[in-house]
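What follows is the structure in structure tokens.
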């Protein structure tokens, strides 16, 4: 990402991440329905599913949150029982027909550090920092921080950061956790104990890679708020902030509005004339790759190959653009069986097609 376009209105905020003049990802948040991810709740166990190793937790929403038992991210809570109060953090938004996902191991994020209160283990340095000497330096600095018994992860943005900045942020994260713990005794489940930053704050905190050239914001109040954040938490971002006051809407830059509109349609055109058809279902997301034209003659295999190569790149981009998750099945086209293969029995042909798709 080298540019970040941010459009703020009284109804919410939307942003587009741009790389080499092309939109790569969208971020949307409604003022009426702010995101849940990162919020910490004192929930109450609604029911436990021993067979699934999971529990449903009432956190005060229309649908109970899903807490997966065991696992590194979920936390251990084998002793949970219906009616019990439990501290959880939202890790996934609610979807149609489903409540949000939560974990019993809260994590607090800063720009340079991520801290897991109550977890033990050596400090971890982001694998995206390639320089071995810098990784060692950051690991040593993190090991010397007063972590209060929690585990520290050093983020990519910390590369080149001095020890003082890490110390200040660690103190800020510990103070934030102290507020959560102080609010817990007086809270009656279900209750929210901590609210994560809004989308603007999360974008400035989490989406500021070293190669970022500029952050353009069309709303003056949002621009001023971003400036205050940069001066306090991220001085390196201050010179990259720009107030966009152009005659056209900001989302007309790099055809961001068009890219957003296309991301809401099920069909995606490929450069060579092929297309993707994306169909989300309750069980999985199906993506069909189609040449969209008759393919014949000597160039048939080349056209198939070209379509599949374009589709592979397009699928990766669409997964990010559309925020797709869960089980994703991509059906790539293949050359039709030869005449000799076509005369095989129906059962044999079915087994062949099934095997080929399984390998794909």
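Residue numbers (the numbering used here): 8 to 367.
Built from N, CA and C at the ideal position, the CB exists for glycine as well.
It should be emphasised that the depicted structure is a prediction, and the values quoted were computed from it without experimental measurement.
Where does the unbroken beta strand (DSSP E) through residue 51 begin, and where does it stop? Here residue 51 corresponds to residue number 44 of the chain shown, with the count starting at 1. Here the beta strand (DSSP E) through residue 51 covers 47-56.
DSSP state of residue 351, grouped into three classes? If you number the chain shown from 1, residue 351 lands on position 344. Unreliable positioning characterises residue 351 in this predicted model, as indicated by a pLDDT of 39, which lies under 50. The coordinate reading is nonetheless provided below. Residue state, collapsed to three classes: coil.
Could you tell me whether the stretch 45-57 touches the stretch 200-213, using the rule of 3 or more Cβ pairs below 8 Å? Yes: the two stretches touch, three or more of their Cβ pairs being nearer than 8 Å.
Taking the continuous beta strand (DSSP E) assigned at residue 61, which residues delimit it? Start at 1 with the first residue of the chain shown, and residue 61 comes out as number 54. Note, residue 61: beta strand (DSSP E), 61-65.
Between the alpha carbons of residue 96 and residue 273, how many angstroms are there, rounded? Looking up residue 96 in the chain shown gives position 89. Looking up residue 273 in the chain shown gives position 266. Rounded to the nearest whole angstrom, the C-alpha separation of residue 96 and residue 273 is 33 Å.
What are the boundary residues of the alpha helix (DSSP H) that includes residue 160? If you number the chain shown from 1, residue 160 lands on position 153. Not the alpha helix (DSSP H): residue 160 falls in the beta strand (DSSP E), residues 158-161.
Taking the alpha helix (DSSP H) that residue 206 belongs to, which residues open and close that run? Position 199 of the chain shown, counted from the start, is the residue given in the question as residue 206. Start and end: 206-213.
Residue 152, DSSP secondary structure in three states: Translated into positions along the chain shown, residue 152 becomes position 145. Looking at residue 152 - three-state DSSP - the assignment turns out to be coil, as it is neither helix nor strand.
May I ask you to verify whether the stretch 176-185 touches the stretch 116-129, counting CB pairs closer than 8 Å and requiring at least 3? A contact is defined here as three or more CB-CB pairs under 8 Å, and the stretch 176-185 meets this definition with respect to the stretch 116-129.
Could you compute how far the alpha carbon of residue 230 sits from the alpha carbon of residue 34? Here residue 230 is taken as the residue at index 223 of the chain shown, counted from 1. Here residue 34 is taken as the residue at index 27 of the chain shown, counted from 1. Cα to Cα, the separation comes out at about 17 Å.
Could you name the residues that DSSP lists as bridge partners for residue 73? For the purposes of this step, residue 73 is identified with residue 66 of the chain shown, where counting begins at 1. Under DSSP, the beta-bridge partners assigned to residue 73 are 63, 108.
Just to confirm, are residue 10 and residue 250 a CB contact at a threshold of 9 Å? In the chain shown, counting from the first residue as 1, residue 10 sits at position 3. In the chain shown, counting from the first residue as 1, residue 250 sits at position 243. Not closer than 9 Å, so no.
Could you check what DSSP says for residue 234 in three-state terms: helix, strand or coil? For the purposes of this step, residue 234 is taken as residue 227 along the chain shown, with counting starting at 1. Three-state DSSP puts residue 234 in a helix.
Residue 297 - DSSP class collapsed to helix/strand/coil: Position 290 of the chain shown, counted from the first residue, corresponds to residue 297. Strand, per DSSP.
Go ahead and pull the three-state DSSP assignment for residue 130. Translated into positions along the chain shown, residue 130 becomes position 123. Here residue 130 sits in coil by DSSP.
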